[in-house]
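S.K.: Have a look at this one.
Residue numbers (my numbering): 1 to 102.
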């Protein structure tokens, strides 16, 4: 028998909320995706006002994504060395606090 889309969605949601690492990964991915658009929306106009060239405007977002990717890789390596829960909380706080520096 065919399953409806809603049953797949409901099954996926129940798996997501029962699996803590998957839930944290989903929350982290959401925050990362939200931060990229906020970076582009806030800093591109500021850089333009400051007289940045188009090349620099074009490179700013990919450089931000590359640094985020590197941070995710290093974070994963550190999680393997340290306790998972404490490391996740520390990194979420540090990642969020970097926007105060902007």
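Glycine is no exception: its CB is placed at the ideal position from the N, C-alpha and C atoms.
Counting pairs of beta carbons, one from the region 70-78 and one from the region 87-99, are three or more of them closer than 8 Å?
M.R.: Yes: at least three Cβ pairs fall under 8 Å.
S.K.: Measure the alpha-carbon distance for residue 60 versus residue 19 and round it to whole angstroms.
M.R.: Each residue's Cα considered, the two are about 35 Å apart.
S.K.: Taking 8 Å as the threshold (C-beta atoms), are residue 56 and residue 47 in contact?
M.R.: Yes, these two residues count as a Cβ contact at 8 Å.
S.K.: Here's a check: name, in chain order, each residue in its chain whose Cβ is nearer than 8 Å to the Cβ of residue 87, leaving out the five neighbours to either side.
M.R.: Same-chain partners within the cutoff: 75, 78 and 79.
S.K.: Reducing DSSP to helix, strand and coil, say where residue 68 ends up.
M.R.: Of the three classes helix, strand and coil, the one that applies to residue 68 here is helix, per DSSP.
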